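Since the structure comes first, as structure tokens, the remarks are kept for the end.
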Ligand code: FAD
């Protein structure tokens, strides 16, 4: 008896219900990962995420080998490759985690049909890539929550499955062959300071953060220079960490820091249940329509300055440069740069979302598109008219300018508060800086946004 475990966004051995079920059902399992051509063709396999993925697969393979097994890696059409492996191993069943995008839903359906046509079965497991699956908690009048606070209330009281221990042994049949896992070093165009991936790395990060960081999370999470958030997002995106296990560990730890982190993990599930119910929200305005956005064609120079981190607003530029250097950006900085692009420059949120997806190692359709919509005022924000002022915000969240100077070397010799408004420096000091003037006047930007919004209504 053999079963196949198809790994997708769940690249771990700890708390992995599909692997547990596959091991219980059979004498041997084939742990399988497929580089899906369709994901690559859609442009989703960017250098940063491909590099992080390479680390994840190398680590997963090593952990399986410690348990007497190995990872089988294939490339091609996912459905075809899974069916091939099933035939080669003469497996009866395939186990995998549920996913929630339109693409994943279609792929899962194709796989189910192909397997069933051949007399085999597909088992899809919930609560592997999310803590509380979409649809598990709903308001009385709809299939999903459109507002976070009531969602969070019910999410906190949902029925939770117990975390599953990592298996001690994973016997894998000899006859199924795969390709060697790709090495990170073979991938070009990767951000120079991209963090390392893999379950071992993720678990180390959790242990370190729980010891030093978690208790202060509530107080320090908005401090740009402190960089005191968990940095677990890429691990959650690739599933090297289990959200169920993380929430349970945080609750056991207790205190306001852990509670605040759990609330952020609930945001992750919140966006997934929106996307699961409204697949179109990845592309079209979720609630409030805006038809007058400036676009690549009408705001080209502004968009390019934003992408390059040369808007003349230091905190925006620091954040955009951090994104390219690390493949990651602080949450407060994501809020500021997204608000600046959509509300101050009045550029279509999809332009910004695409740029983020290009660079973010945690780039994730649900979290990225729906956070962009939240900031743009087209999504689930209950205050869609709010505009974040980058100067006021910079003074509040980077009071001594450390974050700006870390990423914008042109401003290294400038102290706070001038570092946040270099255009206010005396003429000669200003002239000595090789740093651009602001590309937009904040109050003019605000007027344009309000006029456009009123026209829309
Ligand atoms: P922490 O503050 O330590 O939070 C812990 C975890 O909670 C995160 O790892 C993440 O999984 C989850 N989380 C935190 N904040 C949010 C949030 N607002 N929405 C959903 N989940 C959250 N997050 C992504 O994972 N992928 C994206 O592509 C992404 N795009 C974003 C785009 C914009 C415009 C904005 C405003 C936010 C985006 N976020 C995205 C959410 C958030 O900024 C990141 O999850 C967070 O900065 C990651 O750093 P961290 O792990 O240190 O977070």
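Numbering (UniProt numbering), first residue to last: 2 to 458.
Ideal Cβ positions, reconstructed from N, Cα and C, are used throughout, including at glycine.
Because the structure is a prediction, the values reported are computed rather than measured.
What are the partner residues of residue 126, as DSSP defines its beta bridges?
Here the question's residue 126 lines up with position 125 in the chain shown. Its beta-bridge partners are 98.
Cα-Cα, which of 240, 202, 431 and 186 is closest to residue 313?
Taking the chain shown and counting its residues from 1, one reaches residue 313 at position 312. The residue with the shortest Cα to Cα distance from residue 313 is 431.
Roughly how many whole angstroms lie between the Cα atoms of residue 1 and residue 293?
Here the chain covers residues 2 to 458 and nothing more, so residue 1 does not appear.
Name the DSSP bridge partner or partners of residue 37?
Counting from one through the chain shown, the residue named residue 37 turns up at place 36. According to DSSP, residue 37 bridges with 77.
Label residue 161 either buried or exposed according to how many other C-beta atoms from any shown protein chain fall within 10 Å of its C-beta, with 16 as the threshold for buried.
Reading the chain shown from its first residue, position 160 is the one you call residue 161. It is exposed - the Cβ of residue 161 has fewer than 16 other Cβ atoms within 10 Å.
With a 10 Å radius around its C-beta and 16 neighbouring C-beta atoms as the bar for buried, classify residue 28 as buried or exposed.
Position 27 of the chain shown, counted from the first residue, corresponds to residue 28. So residue 28 ends up on the exposed side.
Taking residue 210 as the reference, give the member of 230, 37 and 443 with the closest Cα.
Against the chain shown, residue 210 aligns to sequence position 209. It is 230 whose Cα lies nearest to the Cα of residue 210.
Any heavy atom of ligand 1 closer than 7 Å to the Cβ of residue 234?
Locating residue 234 in the chain shown gives position 233, where the first residue counts as 1. For ligand 1, at least one heavy atom lies less than 7 Å from the Cβ of residue 234.
So residue 447 is in the alpha helix (DSSP H); what residue range does that whole segment cover?
Against the chain shown, residue 447 aligns to sequence position 446. Start and end: 443 to 457.
If the criterion is Cβ atoms closer than 8 Å, does the pair residue 263 and residue 248 meet it?
Translated into positions along the chain shown, residue 263 becomes position 262. Translated into positions along the chain shown, residue 248 becomes position 247. Yes. Within cutoff.
Take the Cβ of residue 9 as the centre, count every other Cβ of all protein chains shown within 10 Å, and call the residue buried at 16 or more, exposed below.
Taking the chain shown and counting its residues from 1, the one referred to as residue 9 is at position 8. So residue 9 counts as buried.
Residue nearest to residue 5 in terms of C-alpha spacing, selected from 301, 97 and 104:
Taking the first residue of the chain shown as 1, we reach residue 5 at position 4. Among 301, 97 and 104, the Cα nearest to that of residue 5 is on 97.
Where residue 468 falls, given that 16 or more other Cβ within 10 Å makes a residue buried
In the structure as shown, the chain begins at 2 and stops at 458. Residue 468 is therefore absent and cannot be evaluated.
Round the Cβ separation of residue 333 and residue 421 to the nearest angstrom and send it over; I've been treating them as touching at under 8 Å.
Numbered from its first residue, the chain shown carries residue 333 at position 332. Numbered from its first residue, the chain shown carries residue 421 at position 420. Incorrect: roughly 14 Å between the Cβ atoms, too far for contact.
Can the beta-carbon of residue 461 be found less than 8 Å from the beta-carbon of residue 54?
No statement about residue 461 is possible, as the shown extent of the chain runs from 2 to 458 and does not include it.
Distance cutoff 8 Å, beta carbons only. Does residue 245 sit that close to anything in chain B?
Absence of chain B from the displayed structure is noted, only one protein chain being present.
Burial state of residue 410, where buried means 16 or more other Cβ atoms lie within 10 Å:
For this step, residue 410 is matched to residue 409 along the chain shown. Under the 10 Å beta carbon count, residue 410 is surrounded by fewer than 16 other beta carbons and is classified as exposed.
Return the residue from the list 60, 328 and 307 that minimises the CA-CA distance to residue 339.
Here residue 339 refers to the residue found at position 338 of the chain shown. Checking every option, the nearest Cα to that of residue 339 belongs to 307.
Using 8 Å for Cβ pairs, my map puts residue 315 next to residue 225. What's the rounded Cβ distance?
Locating residue 315 in the chain shown gives position 314, counting from the first residue. Locating residue 225 in the chain shown gives position 224, counting from the first residue. The Cβ separation is near 11 Å, so there is no contact.
Just the Cα atoms here: how many angstroms apart are residue 187 and residue 445?
Taking the chain shown and counting its residues from 1, the one referred to as residue 187 is at position 186. Taking the chain shown and counting its residues from 1, the one referred to as residue 445 is at position 444. Cα to Cα, the separation comes out at about 47 Å.
Between residue 108 and residue 434, what straight-line distance do the alpha-carbon atoms span, to the nearest angstrom?
The sequence position of residue 108 within the chain shown is 107, counting from 1. The sequence position of residue 434 within the chain shown is 433, counting from 1. Approximately 53 Å between the Cα atoms of the pair.
Report buried or exposed for residue 365, applying the criterion of at least 16 other Cβ atoms within 10 angstroms of its Cβ.
Walking along the chain shown from the start, residue 365 turns up at place 364. Residue 365 should be labelled buried.
Drop a sphere of 10 angstroms on the beta-carbon of residue 58, count the other beta-carbons inside from all chains shown, and report buried for 16 or more, exposed for fewer.
The residue given as residue 58 occupies position 57 in the chain shown. Per the 10 Å Cβ criterion, buried.
Which same chain residues end up closer than 6 Å to residue 200 when comparing Cβ atoms and leaving out the 5 residues on each side of it in sequence?
Looking up residue 200 in the chain shown gives position 199. Around residue 200, the same chain offers 13, 60 and 241 as residues with beta carbons nearer than 6 Å, after the five sequence neighbours per side are excluded.
contact_flag[the segment 391 to 405, the segment 347 to 363] where n(CB pairs < 8 Å) is 3 or more:
no
Beta-carbon within less than 7 Å of residue 216's beta-carbon, same chain only, minus the 5 sequence neighbours each way: which residues are those?
Position 215 of the chain shown, counted from the first residue, corresponds to residue 216. If we look at residue 216 and ignore the five residues flanking it on each side, its Cβ neighbours are 256 and 258.
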